[in-house]
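Residue 241 in our numbering sits at position 41 of the sequence shown; the count goes up by one each step and never skips.
We put the CB at the ideal spot given by N, CA and C, even for glycine.
Notes follow the structure.
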Amino acid sequence: MVGKQFPREVAKRLFALELKNSVPTEKTGTDEFEPKYVLTELGEKVNRVFICGAAIEKEYVGDKDQNVRVIISDTTGVFTVYANRNFQPEARAEMEKINVPEYVSIVGKVNTYSPPGSDKTIVSIRPESVNIIDEKTRDRWVNETSQLTLERVKSSQAEESIKNTYMDIANGAMKSV
């Protein structure tokens, strides 16, 4: 057997703002296939996400259009999703079918990148599953994600100002649908 087997992580429901404000965690082992995590401001350790929103931009990027990048907007901000021709061919093929604007759901792994010379971390998603959905499904995701965000706020050890921000975001999101 090559390397250690890692169990499949549960995909967490997060709003774009919470994912964007996440920071990478340090790896605990030396295995190159060890999952990569981010830590949200509310203290949630995340490797995989389940997101929904409106695709507002689609672009082919990289050498010979190797990647498809889709920007997905939820009620709090945007997610950036990249699918590579060689590494996520099925997800990339599904992303190519997206017509902007269209509601989509994505399950994928969180990826981070820090530009050279910068202390900023860019968080993106590498898709595993891509689906076109209707508005009702997106609204259900917003309501469920709002409830889960409020649960994270209650159990979080974060500063009150951060907790209040996410409480306002979750309540505002529920009112928007």
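Residues bridged to residue i (per DSSP)
i	result
Thr312	Val323
Arg248	Ala211, Lys309
Leu239	Val223, Lys245
Ala415	Outside the displayed range of the chain (201 to 377) lies residue 415, so it cannot be described from this structure.
Ser329	Val307
Asn267	Val261, Asn284
9 Å Cβ cutoff met for residue i and residue j
i	j	result
Thr277	Arg338	Looking at the sequence itself, residue 277 is Gly, so the reference to Thr does not match. No.
Arg352	Thr275	no
Arg213	Ile256	no
Tyr282	Val261	yes
Val270	Thr280	yes
Inter-residue spacing [alpha-carbon to alpha-carbon] between residue i and residue j
i	j	result
Phe215	Gln347	11 Å
Trp341	Pro224	25 Å
Asn284	Ile298	15 Å
Asp263	Lys220	26 Å
Asn247	Glu218	14 Å
Gly372	Glu344	13 Å
Thr349	Met295	27 Å
Gly243	Ser356	6 Å
Ala211	Gly317	32 Å
Nearest-angstrom beta carbon gap, residue j and residue i [assumed within contact, 8 Å]
i	j	result
Glu328	Ala291	6 Å
Ile306	Ile272	7 Å
Ile333	Asn311	The Cβ separation is near 23 Å, so there is no contact.
Val304	Asn331	7 Å
Continuous alpha helix (DSSP H) stretch holding residue i: start and end
i	result
Val377	Premise fails: Val377 is in no alpha helix (DSSP H) and is neither H nor E.
Asp339	335–355
Ala293	289–296
Continuous beta strand (DSSP E) stretch holding residue i: start and end
i	result
Ala283	278–284
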